[in-house]
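Enquirer:
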Amino acid sequence: MPPAHSKPASAPNLVTLVEVSPRDGLQNEKALLPTAVKVALVDKLSAAGFTHIEVTSFVSPKAVPQMADAAEVMAGITRRPGVHYSVLTPNERGYAGALAAKADGIVVFGAASETFSQRNINCSIAESLERFRPVVAAARAAGISVRGTVSCALGCPYEGAVPPEAVVRVVREFAAMGVEEFSIADTIGVGTPEGTRALFRAALAEVPATRVNGHFHDTYGRAIANIGACLDLGVRSFDASVAGIGGCPFAPGATGNVATESVLALLGERGFETGIDAEAVRGIGTWLRARLAEAAQ
Ligand code: HMG
Ligand code: MG
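Heads up: the sequence shown begins at 2 in my numbering, then just goes up one per residue.
(1) Using 10 angstroms around the beta-carbon of A206, count the other beta-carbons present and answer buried if the total reaches 16, otherwise exposed.
(2) Going straight from the alpha carbon of G95 to that of A226, what length do you get?
(3) Just checking, does the segment 53-61 make contact with the segment 269-278 on the three C-beta pairs under 8 Å criterion?
(4) Just to confirm the assignment, what range does the alpha helix (DSSP H) spanning R134 have?
(5) Could you tell me which uninterrupted alpha helix (DSSP H) segments, each at least 4 residues in length, are contained entirely in the segment 224-269, listed from first to last along the chain?
(6) Contact defined as beta carbons within less than 8 Å: I believe G257 pairs with G247. What is the distance between those atoms, to the nearest angstrom?
(7) In terms of DSSP beta bridges, what is A112 paired with?
(8) According to the Cβ coordinates, are F59 and V88 closer than 8 Å?
(9) Between A127, L18, T211, A71, which lies nearest to L46 when the distance is taken from Cα to Cα?
(10) Under 8 Å, do S129 and I122 count as touching if we go by C-beta distance?
(11) Can you look up V171 in the DSSP assignment and give me helix, strand or coil?
(12) What residues in its chain sit with their C-beta under 7 Å from that of I277, if we drop five residues either side in the sequence?
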């Protein structure tokens with residue numbers, strides 16, 4: 002049985018890092034990376050001790066060309082026992098791909114902002130929730146873990162400020178349909194520690210910290226401080242991307258995910274454990290940057 006997304010509350014010094022470089026990291030790269038490089042990246046990450054890896058997305062190849070080889074990547078990786086390999090699934094077609102690829106977990110991704118929802122997945126928030134409902138039910142029935150992501154939780158590239166209540170509303174809907182883990186995402190990195198604290202406090206009034214994950218982009222260099230604020234509130238699961246690569250093609254101006262290297266340094270300073278080999282992560286970062294440079298030539 003793959004581990005659930007988040008750690009149990011009985012292990013307060015353990016933090017789960019979900020490595021998203023193969024998915025969020027690569028999706029914004031214009032130059033297409035060879036499938037073999039993506040497979041090698043995932044295998045290097047599992048060898049470095051990551052227990053949770055977001056591998057790819059079963060989305061429209063027109064929307065995100067870099068993810069067009071999702072099935073091939075999933076077929077090419079070497080599964081390490083105990084590692085949870087998840088994929089993004091925006092609809093039933095995406096779920097069919099995830100099921101065929103034997104993903105351990107799926108991610109349905111909604112938003113707290115109407116405009117971003119339209120730009121990202123071409124439907125309203127309400128329509129997206131209706132689309133997700135059968136996907137979540139099917140995944141749960143098949144024993145596949147389900148994460149629900151709420152994008153633009155701290156601000157939207159099109160609408161600006163987003164009130165915590167808009168985020169909480171989606172979290173509540175996700176919980177009601179059977180989503181197990183709630184990933185609260187600062188898509189464009191505009192969050193401050195104060196805003197992050199207020200938002201996560203509001204979310205934690207609805208769902209337990211053991212089921213909450215923080216996903217921070219680092220556009221203004223505040224992701225580490227925001228993760229610190231979440232740690233103070235008891236959140237123990239965060240997304241990160243080796244070398245800080247990443248971004249959403251539908252979130253203009255935003256830069257990469259918080260770098261895994263920086264999150265590991267923060268966690269080490271604060272006495273948290275992850276089981277991840279930080280030295281190996283630095284090596285993977287150097288290797289990945291070289292592969293991206295090659296692809297861009
Ligand atoms: P649509 O155009 O409304 O969907 O797109 P459609 O059902 O009308 O289909 C349009 C075309 O896409 C058809 O192909 C379908 O077959 C195909 P055509 O007939 O034109 O050749 N299609 C698919 N192909 C493969 N897999 C599928 C699939 N579904 C339809 N699953 C749709 C709606 C959601 C599909 C589209 O908008 C889409 O794929 N969007 C993906 C957006 C995306 O991946 N964004 C980045 C990930 S989210 C993110 O980065 C944020 C996150 O990191 C957290 C944060 O930072 O905020 C998670
Ligand atoms: Mg993201």
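No residue lacks a Cβ here, since even glycine has one placed at the ideal position from N, Cα and C. Please read these numbers as outputs of a predicted model, since none were measured by experiment.
Expert: Reading from the atomic positions:
(1) Taking all protein chains shown into account, A206 has fewer than 16 neighbouring C-beta atoms within 10 Å of its C-beta and is therefore exposed.
(2) Distance between the alpha carbons of G95 and A226 is about 34 Å.
(3) Look at the beta carbons and you see the segment 53-61 not touching the segment 269-278: under three pairs across the two are nearer than 8 Å.
(4) Taken as a continuous stretch (DSSP letters only), the alpha helix (DSSP H) holding R134 covers 126-142.
(5) DSSP runs (the alpha helix (DSSP H)) wholly in the segment 224-269: 224-233.
(6) 4 Å between Cβ atoms; contact.
(7) In the DSSP output, where bridge partners are listed per residue, A112 has S152.
(8) Remark: C-beta atoms of F59 and V88 approach each other more closely than 8 Å.
(9) Relative to L46, the option among A127, L18, T211, A71 whose CA is nearest is L18.
(10) Yes.
(11) Secondary structure of V171 (DSSP, three-state): helix.
(12) Once the five neighbours on either side are set aside, the close Cβ partners of I277 are L18, A49, G50, F51, L265.
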